[in-house]
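Chains as they are written, first to last, in our numbering: chain A, 957 to 1507; chain B, 746 to 960.
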């Protein structure tokens, strides 16, 4: 039997078909929730006491319903767990996630979280209330199931059409459909349409998420002043909308207001210190602004809050150590390494970070021999392919430079510059390294050489493509890709031109395979980038034209 | 932690324990013995009432610390009312009939804070559960200044002094009914849309009629 079926004219949920997971750290509550669910007719109910257990269980089972307590004791809370489940794609959009909470302040979290649960129940609640909520969400999921499937298959165009149909025919789900469509439009880079859509919602009621979506659409169209005005107003009225601080910080950066960007994130962190990425970003901004105390606190928080989080990498230990070194706290930096030893020893990337930090600390402390040994180790790991976040790679280049290893430093800077030829902040950081070493001219030459080759290949290709010479354009882009294999912008341009080439010259299977591999790389380097969705749609068009079906 | 924070934390804990007590009472089976079933019904009704009252008290406390800002979202008013009716019907067991009525022009969606609105309506429902003779009716209607959700019972109606005190906006009195109405009033007034505020209307119309208007 299906999960939902008709009984006469009415849709009913067949709870016997449902597979449920109940998550609570308190055994009494777990069994009470299980009892309630089984009274509804659910027979397949698993129990979990912690986030770790959930992560294990969802990888081995497909759940239709997860009922999760917000407060899970030590470690992650329910909201963090939800974010991880959705970010890692461990549960489908069709699966229902309901948060259970004793706090009647949780609706504020929901209203502002980028990833909201499907619904929430405030304890204590009656069985009837829970039954009603579950019925309603399951029916809503049924209405959106086609849309979700399209979305998960990257068929965004079709997902939008699905939303449009709901908008026209199902008034009860109008706002849900508009909200999802707005996110799709922003993800596809159709910012002017997203802007118009959010305007339509705000016309109905100025709810914070709609104003935030609008600000995002404006920011993406470089209408920074308008975006900033909306965000400041949203935050005046609802200071707890944390996502607005993140966006405001981006808007400030676009307006070259580094201090404002830092301030926005500091306010966001004051409201919610838990998000690892917000702390990392704050650390970066504060470090660049020379505010070492704030940078240190933010990086330390990122490590502290991010224990067990997928968002923490060895580079985060490196960043914290860098700040400590800058503050003259060598013992502190070594202590950070010691605390992170288990994580750092586990991967070549971590070993590399650790070697670089030791190299820097020993050299600043005058232990020449030990510094040499650590830098040798870092160089070896680097040659063997160990890489980490670009900012830290530049720190490594800096360390090489000050220990006289100019060649190694140049090689690293060249690589970073090629792969980030359009990142102002990284190029500026690289420039600083050379000027501090008294090699300003050498640095300028190296940076312009490293970026100009990629840049000119890219520009030539774009001009050729506009003239319709996709073949030559493709050759240029493939050369650019070899120069800068980790450069998301170059990868995306290459994909675009290769697909254009195939549209006109016909299908070539080895090219198609390259396109798919490039898409995966680009997704890894720039997750969720607006252009990726368009490129995927373009790929599907080409495949469809040549009758290729891929699963 | 100052003493008021301590009281709030204590109330919070009471509320959660009562929730578990409520679940325990729910698990006592009906056994057909009229006296037994009546006592169990009374116990669960009372338990739920205390829970709802504690929830209100916590909100009152919060309102004193800082203004209540409703978290407004789009909800289906019919879903909300239906779920309240189911809850009321379950609390009344078979003693009362609970029905839902909706007008053809009632919008499929309305913008409001679901938690607050449910709490305000639960209050009115508890009153009716206590005084109604045979039935309670929840209705939805589109009115000039917004959406109206009403609770009507077939009791003897609100006593004159309650209506008068409410009409004169007197500060809430120690009696249960007064406190609950005061709470509903606060909830209504925190809802604002383009300069219009929500309000609560009380009257007698073949029983007690409680109306919550949301702009």
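The C-beta atom is built at its ideal place from N, Cα and C for all residues, glycine as well.
Anticipated Cβ contact below 8 Å, residue 1431 of chain A with residue 1374 of chain A, distance rounded: Taking the first chain and counting its residues from 1, the one referred to as residue 1431 of chain A is at position 475. Taking the first chain and counting its residues from 1, the one referred to as residue 1374 of chain A is at position 418. The Cβ separation is near 18 Å, so there is no contact.
Per-residue DSSP class, three states only, for residue 1292 of chain A: One-based indexing of the first chain puts residue 1292 of chain A at position 336. Correct three-state label for residue 1292 of chain A: helix.
The stretch 1328–1340 of chain A contacting the stretch 1373–1393 of chain A, beta-carbon criterion three pairs below 8 Å: no
Cβ-based burial, residue 1012 of chain A [other Cβ within 10 Å; buried from 16]: On the first chain, residue 1012 of chain A is found 56 positions in, with the first residue counted as 1. If you draw a 10 Å sphere on the C-beta of residue 1012 of chain A, you find fewer than 16 other C-beta atoms in it, and that means exposed.
DSSP three-state assignment for residue 894 of chain B, whether helix, strand or coil: Within the second chain, the letter at position 149 stands for residue 894 of chain B. Note: residue 894 of chain B maps to strand in three-state DSSP.
Residue 963 of chain A in three-state terms, based on DSSP: Here residue 963 of chain A refers to the residue found at position 7 of the first chain. Here residue 963 of chain A sits in strand by DSSP.
Short CB-CB distance (under 7 Å) between residue 969 of chain A and chain B: Taking the first chain and counting its residues from 1, one reaches residue 969 of chain A at position 13. No, no contact with chain B.
Beta carbon of residue 1074 of chain A nearer than 7 Å to that of residue 1093 of chain A: The residue labelled residue 1074 of chain A in the question sits at position 118 within the first chain. The residue labelled residue 1093 of chain A in the question sits at position 137 within the first chain. It is a contact, given that the beta carbons lie within the stated cut-off.
Residue(s) in a DSSP beta bridge with residue 1024 of chain A: In the first chain, residue 1024 of chain A corresponds to position 68, counting from 1. A:979 and A:1055.
Nearest-angstrom Cα separation, counted from residue 1347 of chain A out to residue 1391 of chain A: In the first chain, the residue the question calls residue 1391 of chain A occupies position 435. In the first chain, the residue the question calls residue 1347 of chain A occupies position 391. Approximately 17 Å between the Cα atoms of the pair.
Boundaries of the beta strand (DSSP E) in which residue 844 of chain B is found, first to last residue: The count along the second chain starts at 1 and reaches residue 844 of chain B at position 99. Looking at the DSSP string, the run of the beta strand (DSSP E) that includes residue 844 of chain B is 842–847.
Close Cβ partners of residue 814 of chain B (< 8 Å) along its chain, the five nearest in sequence each way excluded: Position 69 of the second chain, counted from the first residue, corresponds to residue 814 of chain B. Around residue 814 of chain B: 935.
Assigned secondary structure, residue 1490 of chain A (DSSP; H/G/I helix, E/B strand, else coil): Translated into the one-based positions of the first chain, residue 1490 of chain A becomes position 534. The answer is helix: DSSP assigns residue 1490 of chain A an H, G or I state.
Outcome for residue 1305 of chain A when other beta-carbon atoms lying within 10 angstroms are tallied against a minimum of 16: Taking the first chain and counting its residues from 1, one reaches residue 1305 of chain A at position 349. Residue 1305 of chain A is buried by the Cβ-count criterion.
For residue 1235 of chain A and residue 1254 of chain A, believed in contact at Cβ under 8 Å, the rounded distance: Here residue 1254 of chain A refers to the residue found at position 298 when the first chain is read from its first residue. Here residue 1235 of chain A refers to the residue found at position 279 when the first chain is read from its first residue. Residue 1254 of chain A to residue 1235 of chain A, Cβ: 5 Å. Contact.
Sequence-distant residues of the same chain with beta carbon closer than 7 Å to residue 1487 of chain A, five excluded per side: The count along the first chain starts at 1 and reaches residue 1487 of chain A at position 531. Closer than 7 Å at Cβ, skipping near neighbours: 1145 and 1448.
Extent of the continuous beta strand (DSSP E) to which residue 1338 of chain A belongs: In the first chain, the residue the question calls residue 1338 of chain A occupies position 382. In the DSSP annotation of this structure, residue 1338 of chain A is not part of any beta strand (DSSP E); the continuous alpha helix (DSSP H) holding it starts and ends at 1324–1339.
Cβ of residue 1063 of chain A within 7 Å of any chain B Cβ: Counting from 1 along the first chain, the entry for residue 1063 of chain A is found at position 107. Closer than 7 Å: yes.
Closer than 9 Å at the beta carbon, the chain A residues around residue 760 of chain B: Locating residue 760 of chain B in the second chain gives position 15, counting from the first residue. Within chain A, the residues near residue 760 of chain B are 1058, 1079 and 1080.
7 Å CB neighbourhood of residue 899 of chain B in its chain, flanking five on each side removed: Residue numbering aside, residue 899 of chain B sits at position 154 when the second chain is read from its first letter. Cβ neighbours of residue 899 of chain B beyond the five flanking positions: 877, 878, 879, 880, 951 and 952.
Chain B residues whose Cβ lies nearer than 9 Å to that of residue 1127 of chain A: For the purposes of this step, residue 1127 of chain A is taken as residue 171 along the first chain, with counting starting at 1. Correct list: 852, 853 and 854.
Local Cβ density within 10 Å of residue 939 of chain B, reported as buried at 16 or more and exposed below that: Residue mapping note: residue 939 of chain B aligns to position 194 of the second chain, counting from 1. Classification of residue 939 of chain B: exposed, given that the 10 Å Cβ count is below 16.
CB of residue 1220 of chain A within 7 Å of CB of residue 1204 of chain A, strictly: As a position in the first chain, residue 1220 of chain A is number 264, starting the count at 1. As a position in the first chain, residue 1204 of chain A is number 248, starting the count at 1. Yes; because the gap between Cβ atoms is below 7 Å, this pair is in contact.
Span separating the alpha-carbon of residue 1493 of chain A from that of residue 1238 of chain A: Within the first chain, numbered from 1, the residue matching residue 1493 of chain A stands at position 537. Within the first chain, numbered from 1, the residue matching residue 1238 of chain A stands at position 282. Near 35 Å, if we compare the C-alpha coordinates of residue 1238 of chain A and residue 1493 of chain A.
CB-CB length for residue 1351 of chain A against residue 1424 of chain A, believed under 8 Å: Taking the first residue of the first chain as 1, we reach residue 1351 of chain A at position 395. Taking the first residue of the first chain as 1, we reach residue 1424 of chain A at position 468. With a contact defined as Cβ atoms closer than 8 Å, residue 1351 of chain A and residue 1424 of chain A miss out at about 45 Å.
Cutoff 6 Å; reference residue 976 of chain A; Cβ partners in own chain excluding five residues on either side: Position 20 of the first chain, counted from the first residue, corresponds to residue 976 of chain A. Sequence-distant partners of residue 976 of chain A (beyond 5 residues in either direction) whose C-beta falls short of 6 Å from its own C-beta, in its chain, are 993, 998, 1001 and 1021.
For residue 1244 of chain A, the first and last residue of its enclosing alpha helix (DSSP H): Locating residue 1244 of chain A in the first chain gives position 288, counting from the first residue. Where residue 1244 of chain A is concerned, the enclosing alpha helix (DSSP H) stretches over 1232–1244.
is_contact[residue 824 of chain B, chain A] using C-beta, thresh 7 Å: The residue given as residue 824 of chain B occupies position 79 in the second chain. For residue 824 of chain B, the answer is yes, since a Cβ of chain A falls inside 7 Å of its Cβ.
Coarse secondary structure for residue 887 of chain B, derived from DSSP in three states: As a position in the second chain, residue 887 of chain B is number 142, starting the count at 1. Of the three classes helix, strand and coil, the one that applies to residue 887 of chain B here is strand, per DSSP.
Which residues DSSP lists as bridging residue 1116 of chain A, in chain order: The residue given as residue 1116 of chain A occupies position 160 in the first chain. Paired residue(s): none; residue 1116 of chain A is not in a bridge.
Per-residue DSSP class, three states only, for residue 820 of chain B: Here residue 820 of chain B is taken as the residue at index 75 of the second chain, counted from 1. Strand.
Assigned secondary structure, residue 854 of chain B (DSSP; H/G/I helix, E/B strand, else coil): Along the second chain, one-based indexing puts residue 854 of chain B at 109. Here residue 854 of chain B sits in coil by DSSP.
Expected contact under 8 Å - CB spacing of residue 1084 of chain A and residue 828 of chain B to nearest Å: Translated into the one-based positions of the first chain, residue 1084 of chain A becomes position 128. Translated into the one-based positions of the second chain, residue 828 of chain B becomes position 83. Right, their Cβ atoms sit about 7 Å apart.
Which residues DSSP lists as bridging residue 944 of chain B, in chain order: As a position in the second chain, residue 944 of chain B is number 199, starting the count at 1. Bridge partners of residue 944 of chain B: B:958.
Residue environment, residue 842 of chain B, which counts as buried when at least 16 other CB atoms sit within 10 Å: Position 97 of the second chain holds residue 842 of chain B. It is exposed - the Cβ of residue 842 of chain B has fewer than 16 other Cβ atoms within 10 Å.
Which of helix, strand or coil DSSP assigns to residue 1077 of chain A: The count along the first chain starts at 1 and reaches residue 1077 of chain A at position 121. Correct three-state label for residue 1077 of chain A: strand.
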